[in-house]
Each structure stands twice: as C-alpha cells, then as structure tokens.
Amino acid sequence: MKKTWLTAKEISQFGYCPEQWRLTRLNKHRPVEVDQEKQASKLTRLKAGRDYHMNIQVKPPLHRWIAIAVGLCLILLLVLLWTVIK
Numbered sequence: 043m044k045k046t047w048l049t050a051k052e053i054s055q056f057g058y059c060p061e062q063w064r065l066t067r068l069n070k071h072r073p074v075e076v077d078q079e080k081q082a083s084k085l086t087r088l089k090a091g092r093d094y095h096m097n098i099q100v101k102p103p104l105h106r107w108i109a110i111a112v113g114l115c116l117i118l119l120l121v122l123l124w125t126v127i128k
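So the sequence shown is numbered by the numbering used here: it starts at 43 and just counts up by one.
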C-alpha cells in the first residue's frame with residue numbers, strides 16, 4: 043500500500059478551503075487541457091469562488107457595535123443625572 047504524505051502547503055490549502063484542496067489533489071495527475079469552452083467555464087468558476095470567499099470574510103459582529111453604543115448611552119445618561127442631582 044502506497045503511503046501519501048501531506049505537505050505543509052496542502053494542509054494550509056485545506057485550512058483555507060477544503061474544496062480547493064480536494065480539487066487540487068484530483069487534478070494533480072491529470073494532463074492540462076486547453077479547450078476554450080472549458081477555459082471559460084474555469085474562469086466562471088474562479089470568479090464564483092472569489093465572490094464566495096469575499097462574502098465569508100471576517101466582518102465585525104453587529105452586536106459588538108450595539109453593545110458599545112448602549113454602553114455609551116448609559117454613561118451619558120449617568121453623567122446627565124449626576125449633573126442634575128448636584
């Protein structure tokens with residue numbers, strides 16, 4: 043039985059996108075095809091993949107900003123009450 047080894051690059055690819063890693067492993071032993079229709083299809087899939095990864099980028103969670111805004115409002119309210127009471 044032949045052992046297959048994973049390189050650090052392959053582990054990194056899997057961590058970034060398991061589908062990319064799987065497709066890279068599948069295409070490793072195939073000859074390169076230069077068909078215009080397939081090339082256009084590949085470019086379309088590439089654009090779809092880029093769009094997918096742009097949509098899953100880490101965005102700051104909205105609840106964090108809401109908590110900050112509520113906290114600042116409470117501080118402002120306490121300062122106003124303190125000045126009125128004094």
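Glycine residues also receive a C-beta, built at the ideal position from the N, C-alpha and C atoms.
All of these numbers come straight from a predicted model, not from anything done at the bench.
Could you give the distance in angstroms between the alpha-carbon of residue i and the alpha-carbon of residue j?
i, j, result
"Ile98", "Cys59", "11 angstroms"
"Trp107", "Leu114", "11 angstroms"
"Arg87", "Tyr94", "10 angstroms"
"Leu65", "Phe56", "10 angstroms"
"Lys89", "Leu104", "28 angstroms"
"Ile117", "Met96", "37 angstroms"
"Ala111", "Leu122", "17 angstroms"
"Ile127", "Leu120", "10 angstroms"
"Trp47", "Lys70", "14 angstroms"
"Glu61", "Arg92", "13 angstroms"
"Leu68", "Ala109", "47 angstroms"
Just confirm the distance between the C-beta atoms of residue i and residue j, as a whole number of angstroms; I'd bet it's less than 8 angstroms.
i, j, result
"Glu79", "Trp63", "Actually they are not in contact, since the Cβ atoms of Glu79 and Trp63 sit about 26 angstroms apart, beyond 8 angstroms."
I'd like the ranges of any alpha helix (DSSP H) spanning at least 4 consecutive residues and lying wholly in the stretch 55-88.
60-69
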